[in-house]
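Colleague:
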Amino acid sequence: MAKKTLKRNQDGEKLRMYLLTLPLKDSSKMVVKLAEACKVPLHTVHNWRGGLCRIPELAKDKIEEVTGVKIFHSENLPPKSELIPGAAFAAPYNKRRSVEITPKGESGCYW
2 MAKKTLKRNQ DGEKLRMYLL TLPLKDSSKM VVKLAEACKV PLHTVHNWRG
52 GLCRIPELAK DKIEEVTGVK IFHSENLPPK SELIPGAAFA APYNKRRSVE
102 ITPKGESGCY W
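Under our numbering, think of the first position of the sequence shown as 2, with each following residue one higher.
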């Protein structure tokens, strides 16, 4: 069972890395195209991308046909460290604001 989970997560990771290489607007359009081409609901494609369920082999072939890129059968995608666009937006929203008391008693707010 561990092998299936590992394989499922790897396929979802590959799909996610491909979608991160696209601009944000094109990424959401591509997800809709993939759902229509594979004849599945939109939430299923989101589950594939998140690694929550296995991507069927026929759907993998259809995804590669629609995108025009070999996603699952070769290592064409750049490593995670080179995918900065998606990572740049995630970090600031998780930070909390810190307030510091200055010597004069005024509070300074730093993000």
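Where is the CB? At the ideal position from N, CA and C, for every residue including glycine.
(1) In this structure, how does DSSP classify Met56 when only helix, strand and coil are distinguished?
(2) Suppose you measure from the CA of Lys34 to the CA of Glu66; what does that come to, to the nearest Å?
(3) What does the Cβ neighbour count give for Leu16, buried or exposed, with the cut at 16 atoms within 10 Å?
(4) Identify whether Leu23 lies in helix, strand or coil by the three-state DSSP scheme.
(5) State the Cα-Cα distance for the pair Leu23 and Val70, rounded to the nearest angstrom.
(6) Note down, in chain order, each residue of its chain lying with its Cβ closer than 7 Å to the Cβ of Gln11, except the 5 sequence neighbours on either side.
(7) Apply the 10 Å Cβ neighbour rule to Gly13 and answer buried if 16 or more other Cβ atoms are within range, or exposed otherwise.
(8) Work out the CA separation of Ile56 and Asn48 for me, nearest whole Å.
(9) Got a sec, what are the start and stop residues for the alpha helix (DSSP H) Gly51 sits in?
Modeller: Based on what the coordinates show:
(1) To locate residue 56, count along the sequence shown from 1; it is residue 55. Per the sequence shown, the amino acid found at residue 56 is Ile instead of Met. Correct three-state label for Ile56: coil.
(2) Numbered from its first residue, the sequence shown carries residue 34 at position 33. Numbered from its first residue, the sequence shown carries residue 66 at position 65. Cα to Cα, the separation comes out at about 11 Å.
(3) Sequence index remark: in the sequence shown, residue 16 carries index 15 (1-based). Here Leu16 is buried: its Cβ has 16 or more other Cβ atoms, across all protein chains shown, within 10 Å.
(4) In the sequence shown, residue 23 corresponds to position 22, counting from 1. Leu23 carries a coil assignment under DSSP once its states are collapsed to helix, strand and coil.
(5) For the purposes of this step, residue 23 is identified with residue 22 of the sequence shown, where counting begins at 1. For the purposes of this step, residue 70 is identified with residue 69 of the sequence shown, where counting begins at 1. Roughly 12 Å between the two C-alpha positions.
(6) Here the question's residue 11 lines up with position 10 in the sequence shown. Once the five neighbours on either side are set aside, Gln11 has no close Cβ partner at all.
(7) Residue 13 sits at position 12 when you count from the first residue of the sequence shown. The residue is buried, with at least 16 neighbouring Cβ atoms inside 10 Å.
(8) Against the sequence shown, residue 48 aligns to sequence position 47. Against the sequence shown, residue 56 aligns to sequence position 55. Cα to Cα, Asn48 sits roughly 9 Å from Ile56.
(9) Counting from 1 along the sequence shown, the entry for residue 51 is found at position 50. Start and end: 43-51.
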